[in-house]
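Protein chains in written order, with numbering that gives the first Met the number 0: chain U, 0 to 147; chain D, 0 to 326; chain P, 0 to 178. Structure record follows, encoded as structure tokens.
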Amino acid sequence: MFKKLVNRSTAKSPWIYHINAGSCNGCDIELVAVLTPRYDAERFGFKLAGTPRHADIVVVTGPVTAQSKDRLIRTLEQVPEPRVIVSLGSCPKSGNVFKGGYSIEGPLEKYVHVDVTVAGCAPKPEAVIAGLAQAAQLLKQKREAMKK
Amino acid sequence: MAELILSRLFYVLVFPGFLFCSAAGLLLAGIDRKMVARMQKRIGPPILQPFYDFMKLMGKETIIPHNAAKKVYLAAPVVGFVSLVVTALLIPIFGFTAFSGVADIIVILYLLTIPAVSIIIGGAASGSPYAGVGISREMVAMVSYELPFVIILLAVAKKVGLETGEGITFSLAAITQYQIASGALITKWALIPAALAMLLVIPCEVGSQPFDVAEAETEICEGPLVEYSGAPLGLYKLNYAIKMFIMTALFTTLFFGGPGVSVGNEAANTAINAVLFLLICAAVTVVCITLIHAVTARLKVEKLFKFYWTVVTGLALLSLILVWLGL
Amino acid sequence: MSFSFPFVREAVSQLFSKPSTERFPFVPKEAPERYRGRIIFHADRCINCGMCIRVCSPGAITKTVEKTEEGDKVTMSFDLTSCTFCETCADFCSKDSIEMSRDYAMVAQDSSELIVTGTFIKKPPVKKAVPPKPAPAEEAPAAPEASAAPEAPAPEDSAAPAPAPEEPAGAGPEAPKEA
Numbered sequence: 000m001f002k003k004l005v006n007r008s009t010a011k012s013p014w015i016y017h018i019n020a021g022s023c024n025g026c027d028i029e030l031v032a033v034l035t036p037r038y039d040a041e042r043f044g045f046k047l048a049g050t051p052r053h054a055d056i057v058v059v060t061g062p063v064t065a066q067s068k069d070r071l072i073r074t075l076e077q078v079p080e081p082r083v084i085v086s087l088g089s090c091p092k093s094g095n096v097f098k099g100g101y102s103i104e105g106p107l108e109k110y111v112h113v114d115v116t117v118a119g120c121a122p123k124p125e126a127v128i129a130g131l132a133q134a135a136q137l138l139k140q141k142r143e144a145m146k147k
Numbered sequence: 000m001a002e003l004i005l006s007r008l009f010y011v012l013v014f015p016g017f018l019f020c021s022a023a024g025l026l027l028a029g030i031d032r033k034m035v036a037r038m039q040k041r042i043g044p045p046i047l048q049p050f051y052d053f054m055k056l057m058g059k060e061t062i063i064p065h066n067a068a069k070k071v072y073l074a075a076p077v078v079g080f081v082s083l084v085v086t087a088l089l090i091p092i093f094g095f096t097a098f099s100g101v102a103d104i105i106v107i108l109y110l111l112t113i114p115a116v117s118i119i120i121g122g123a124a125s126g127s128p129y130a131g132v133g134i135s136r137e138m139v140a141m142v143s144y145e146l147p148f149v150i151i152l153l154a155v156a157k158k159v160g161l162e163t164g165e166g167i168t169f170s171l172a173a174i175t176q177y178q179i180a181s182g183a184l185i186t187k188w189a190l191i192p193a194a195l196a197m198l199l200v201i202p203c204e205v206g207s208q209p210f211d212v213a214e215a216e217t218e219i220c221e222g223p224l225v226e227y228s229g230a231p232l233g234l235y236k237l238n239y240a241i242k243m244f245i246m247t248a249l250f251t252t253l254f255f256g257g258p259g260v261s262v263g264n265e266a267a268n269t270a271i272n273a274v275l276f277l278l279i280c281a282a283v284t285v286v287c288i289t290l291i292h293a294v295t296a297r298l299k300v301e302k303l304f305k306f307y308w309t310v311v312t313g314l315a316l317l318s319l320i321l322v323w324l325g326l
Numbered sequence: 000m001s002f003s004f005p006f007v008r009e010a011v012s013q014l015f016s017k018p019s020t021e022r023f024p025f026v027p028k029e030a031p032e033r034y035r036g037r038i039i040f041h042a043d044r045c046i047n048c049g050m051c052i053r054v055c056s057p058g059a060i061t062k063t064v065e066k067t068e069e070g071d072k073v074t075m076s077f078d079l080t081s082c083t084f085c086e087t088c089a090d091f092c093s094k095d096s097i098e099m100s101r102d103y104a105m106v107a108q109d110s111s112e113l114i115v116t117g118t119f120i121k122k123p124p125v126k127k128a129v130p131p132k133p134a135p136a137e138e139a140p141a142a143p144e145a146s147a148a149p150e151a152p153a154p155e156d157s158a159a160p161a162p163a164p165e166e167p168a169g170a171g172p173e174a175p176k177e178a
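Have a look at this one:
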């Protein structure tokens, strides 16, 4: 019974941590616009966490540049289970216009398993909310699949 | 004998101990978040959101960093939680006190420093430089609000002592009796600066903006709590919520005390009194914690210290002087 | 006081007024007109010119060609996870076969949902029968006629500027009329 309460609450209070892996900041602006009064993601319980150890959903923007690659991997290792990784925009998936550049270290999928992809350059805040809502449902499924 | 033990256990575990103060604290935290959102012209989370947060944190994995001192790391939030529950047992709710023999303002003052120290110790045990910066800020914040807090309590105690002829009395039971006899202390105009000063001390002790230098999210990655995850973090967030309840409860008891309703049956009395108490606590929360939270940004550490040791201490000293002059 | 509490009046009045949040998932929201959203590819209009591939800045468009007996089976695929939504491909397409719709919610857990493809068969152009070359006898009378015709206006052109160089406008139309 306690477990059922825990499982139900996991979808209702997802905390977001945002990593900028060399992005142009367009997608970052749309992500924080989602927390403003007009789109208000907080009514679903989303909250920006200050440290990756408090996060459930990790949102990564930007093509993975050479300078941010090691730091990205180290930060992603610190996120406790159950966790969902969302790649926002087209940069983490394919590099967009920066493909083949001298400092682009490849798509995010090389380093970690990406659960939800939100396409767009930059995606509209409503698309970001739709992506985050899918991520919250996925989080609940992962929590139910956990052993403890 | 068994009945005594059973009733004591009931006080400790259910009302006003563990379950009641947790639920009340989380409810007040939820009301605070919702009201902040409404003041900022948005919808905000449901009022039960802190309950969902706590349950979710119970289900997350607990990661203990390599550099951390393991036993202290896990024990620090528990120590804070226990001291807060004990404090909740000592505060009178309109004439009902769980353990009235030891309900003393000095005891409560000492007990209220323990949760702040538990954050400091938890942060120190984390082994992270962000936590180090956070705990030094928390120490500055503690020093800032302790001084005006002590002066406010002195003023209230002296007032009641003078009126009842004992000189000075620190017993919460005596303060409650005095308020039952001759009206709530907020109506004595010599104590109004003290009430104002207490309204400014509450946000700092609770750790809500603009005085939350310790838990500065964006600046130092949440300060002392940076390496916590899972159940210990859930316990820290619960401590934060219960502290909100305890501080507003203290304010209500000291300044708005009274006999409460009396419908005859004692259990029903206590229940209705508890609900009334919570309503006044919620109103105090909205006025002092939420209103300031919604309109300000965070203060710097030096400015926080200066603010508390000049303005707030000045108000409390004014009240103390007025009371000592016999007004 | 070292600082003051601004906006308190606004905060209290906003507490009692309606919030300005758009209830997005419960109330549907449409993108503005001419919003550049998901790509729609009309395969029947494409002629396989390759202009869109040339102008696409992130190189999101790829083409695979399979030879069949009817002609070339061309598959154009638009990778939305690489697209920057600039509409240059639709701008350059001469047959209007690329269109950007107003669909903005492109969220997928499986990224193969985010590739738009279209296949069409390009038949080779039908070759017209070429007429045979004319015989050499017909060429001889045509040659002097052809050489006489250009000779006639040549002396007129050299005569026109000689008589009246100050009035080239008047001499110009008169010279051909005299001849």
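C-beta atoms are modelled at their ideal positions from N, C-alpha and C, and glycine is treated no differently. Predicted, not measured: the structure shown is a model, and the values here were computed from it.
Can you tell me where the beta strand (DSSP E) holding P/VAL115 begins and where it ends?
Within the third sequence, numbered from 1, the residue matching residue 115 of chain P stands at position 116. Unbroken beta strand (DSSP E) run through P/VAL115: 114 to 121.
Closer than 9 Å to chain D by CB, U/ASN6:
Along the first sequence, one-based indexing puts residue 6 of chain U at 7. At a cut-off of 9 Å, the C-beta of U/ASN6 has a neighbouring C-beta in chain D.
Would you mind sorting D/THR312 into buried or exposed? The rule is 16 or more other CB atoms within 10 Å of its CB.
In the second sequence, counting from the first residue as 1, residue 312 of chain D sits at position 313. D/THR312 is classed as buried because its beta carbon has at least 16 other beta carbons within 10 Å across all chains shown.
Output yes or no for whether 9 Å exceeds the beta carbon distance between P/SER96 and P/PHE40.
Mapped onto the third sequence, residue 96 of chain P falls at position 97. Mapped onto the third sequence, residue 40 of chain P falls at position 41. Going by C-beta atoms, P/SER96 is nearer than 9 Å to P/PHE40.
Quick check on P/ASP78: does DSSP put it in helix, strand or coil?
The sequence position of residue 78 of chain P within the third sequence is 79, counting from 1. Three-state result, P/ASP78: strand.
Nearest-angstrom Cα distance between D/VAL149 and D/TRP308?
What you label residue 149 of chain D is simply residue 150 of the second sequence in a count that begins at 1. What you label residue 308 of chain D is simply residue 309 of the second sequence in a count that begins at 1. Distance between the alpha carbons of D/VAL149 and D/TRP308: 12 Å.
Is the CB-CB distance between P/THR80 and P/SER56 below 9 Å?
Here the question's residue 80 of chain P lines up with position 81 in the third sequence. Here the question's residue 56 of chain P lines up with position 57 in the third sequence. Taking a C-beta distance under 9 Å as the contact criterion, P/THR80 and P/SER56 do not qualify as a contact pair.
DSSP state of D/ASP31 mapped onto helix, strand, coil
As a first step, residue 31 of chain D is located in the second sequence; it is residue number 32 there, counting from the start. Here D/ASP31 sits in helix by DSSP.
Selected residue, minimal CA-CA separation from D/GLU214, among D/SER127, D/ARG136 and D/GLY43
Position 215 of the second sequence, counting from 1, holds the residue named residue 214 of chain D. Checking every option, the nearest Cα to that of D/GLU214 belongs to D/ARG136.
I want to see whether chain D comes within less than 9 Å of U/HIS112, judged by CB atoms only; does it?
The sequence position of residue 112 of chain U within the first sequence is 113, counting from 1. No, U/HIS112 lies away from the interface with chain D (no Cβ there is under 9 Å from its Cβ).
Evaluate the contact criterion for the segment 112 to 130 of chain P versus the segment 122 to 136 of chain U: three or more CB pairs, one atom per stretch, below 8 Å.
Contact between the segment 112 to 130 of chain P and the segment 122 to 136 of chain U is not established, with fewer than three Cβ pairs separated by less than 8 Å.
Start and end residues, beta strand (DSSP E) containing P/THR63:
Here residue 63 of chain P is taken as the residue at index 64 of the third sequence, counted from 1. If you look at P/THR63, you'll find it in the beta strand (DSSP E) that goes 60 to 66.
Over the uninterrupted alpha helix (DSSP H) stretch that includes D/ILE113, give me the two end residues.
The sequence position of residue 113 of chain D within the second sequence is 114, counting from 1. D/ILE113 -> alpha helix (DSSP H) spans 104 to 123.
Cα-Cα separation between D/LEU184 and D/SER318, rounded to whole angstroms:
Position 185 of the second sequence, counted from the first residue, corresponds to residue 184 of chain D. Position 319 of the second sequence, counted from the first residue, corresponds to residue 318 of chain D. Approximately 12 Å between the Cα atoms of the pair.
Length of the line joining the Cα atoms of D/ALA102 and D/PRO15:
On the second sequence, position 103 is the one that residue 102 of chain D refers to. On the second sequence, position 16 is the one that residue 15 of chain D refers to. If you take the alpha carbons of D/ALA102 and D/PRO15, they lie about 14 Å apart.
Could you tell me which of P/LYS122, P/ARG37 and P/ASP43 sits nearest to P/LYS94, measuring between CA atoms?
The residue labelled residue 94 of chain P in the question sits at position 95 within the third sequence. The shortest CA-to-CA distance from P/LYS94 to any of P/LYS122, P/ARG37 and P/ASP43 is the one to P/ASP43.
Going by other Cβ atoms of all chains shown within 10 Å of its Cβ, with 16 needed for buried, is P/PRO130 buried or exposed?
Along the third sequence, read from residue 1 onward, the residue named residue 130 of chain P stands at position 131. It is exposed - the Cβ of P/PRO130 has fewer than 16 other Cβ atoms within 10 Å.
So that I know if they touch, is there some Cβ in chain D lying closer than 9 Å to that of U/GLN133?
Against the first sequence, residue 133 of chain U aligns to sequence position 134. It does not; no Cβ of chain D falls within 9 Å.
Hey, quick one: how far does the alpha helix (DSSP H) through P/MET99 stretch, first residue to last?
Working through the third sequence from its first residue, we reach residue 99 of chain P at position 100. Unbroken run through P/MET99 is the beta strand (DSSP E), 97 to 99; no alpha helix (DSSP H).
Touch check for the segment 12 to 29 of chain U and the segment 126 to 140 of chain U: three-plus C-beta pairs under 8 Å?
With the cut-off at 8 Å, the segment 12 to 29 of chain U and the segment 126 to 140 of chain U touch.
Tell me whether P/MET75 is buried or exposed, calling it buried when 16 or more other Cβ atoms sit within 10 Å of its Cβ.
One-based indexing of the third sequence puts residue 75 of chain P at position 76. In this structure P/MET75 is buried. Its beta-carbon is surrounded by 16 or more other beta-carbon atoms within 10 angstroms.
Cβ-Cβ distance between U/VAL117 and U/VAL33 below 9 Å
Sequence index remark: in the first sequence, residue 117 of chain U carries index 118 (1-based). Sequence index remark: in the first sequence, residue 33 of chain U carries index 34 (1-based). Taking 9 Å as the Cβ cut-off, U/VAL117 and U/VAL33 do not qualify as a contacting pair.
D/ILE320 (DSSP reduced to helix, strand or coil):
Start at 1 with the first residue of the second sequence, and residue 320 of chain D comes out as number 321. Three-state DSSP puts D/ILE320 in a helix.
When you compare each of D/LEU278, D/VAL260, D/CYS20 and D/PRO192 to D/ILE320 by their alpha carbons, which one comes out closest?
Here residue 320 of chain D corresponds to residue number 321 of the second sequence, with the count starting at 1. Shortest Cα-Cα distance from D/ILE320 to any of D/LEU278, D/VAL260, D/CYS20 and D/PRO192 involves D/PRO192.
Given 8 Å, three or more beta-carbon pairs between the segment 62 to 73 of chain D and the segment 85 to 94 of chain U:
Cβ pair count under 8 Å is below three, so no.
List, in order along the chain, the chain D residues whose C-beta lies closer than 8 Å to that of U/ARG142?
The residue labelled residue 142 of chain U in the question sits at position 143 within the first sequence. Correct list: GLY58.
Does U/ASP69 come within less than 9 Å of chain D when only Cβ atoms are used?
Here residue 69 of chain U corresponds to residue number 70 of the first sequence, with the count starting at 1. With 9 Å as the cut-off, U/ASP69 does not count as an interface residue toward chain D.
If you draw a straight line from the C-alpha of D/LEU12 to the C-alpha of D/PHE80, how long is it?
Along the second sequence, one-based indexing puts residue 12 of chain D at 13. Along the second sequence, one-based indexing puts residue 80 of chain D at 81. Roughly 13 Å between the two C-alpha positions.
For P/PRO149, decide whether its Cβ has a neighbour in chain U, counting only Cβ atoms nearer than 9 Å.
Reading the third sequence from its first residue, position 150 is the one you call residue 149 of chain P. Legend: pLDDT at P/PRO149 = 47, less than 50; position of this residue unreliable, no value from coordinates given.
Beta carbon of D/PHE254, beta carbon of D/LEU171: below 9 Å?
As a first step, residue 254 of chain D is located in the second sequence; it is residue number 255 there, counting from the start. As a first step, residue 171 of chain D is located in the second sequence; it is residue number 172 there, counting from the start. It is not a contact, given that the beta carbons lie outside the stated cut-off.
On the CB-based measure, 16 or more other CB atoms within 10 Å of its CB, does U/GLN136 come out buried or exposed?
Position 137 of the first sequence, counting from 1, holds the residue named residue 136 of chain U. Of the residues assessed, U/GLN136 falls on the exposed side of the cut-off, its CB having fewer than 16 other CB atoms within 10 angstroms.
D/LYS157, DSSP secondary structure in three states
Taking the second sequence and counting its residues from 1, one reaches residue 157 of chain D at position 158. The answer is helix: DSSP assigns D/LYS157 an H, G or I state.
With three or more beta-carbon pairs closer than 8 Å as the criterion, would you say the segment 56 to 74 of chain U touches the segment 1 to 9 of chain U?
Cβ pair count under 8 Å is below three, so no.
DSSP bridge partner residues for U/ASN19 (one or two, in chain order)
The residue given as residue 19 of chain U occupies position 20 in the first sequence. Beta bridge pairing from DSSP links U/ASN19 with U/THR60.
Limits of the unbroken alpha helix (DSSP H) element including D/PHE254
On the second sequence, position 255 is the one that residue 254 of chain D refers to. Note, D/PHE254: alpha helix (DSSP H), 230 to 255.
For a contact meaning CB atoms closer than 8 Å, what does D/LEU199 contact in chain P?
Numbered from 1 along the second sequence, position 200 holds the residue referred to as residue 199 of chain D. Chain P residues near D/LEU199: none, gap ~11 Å exceeds 8 Å.
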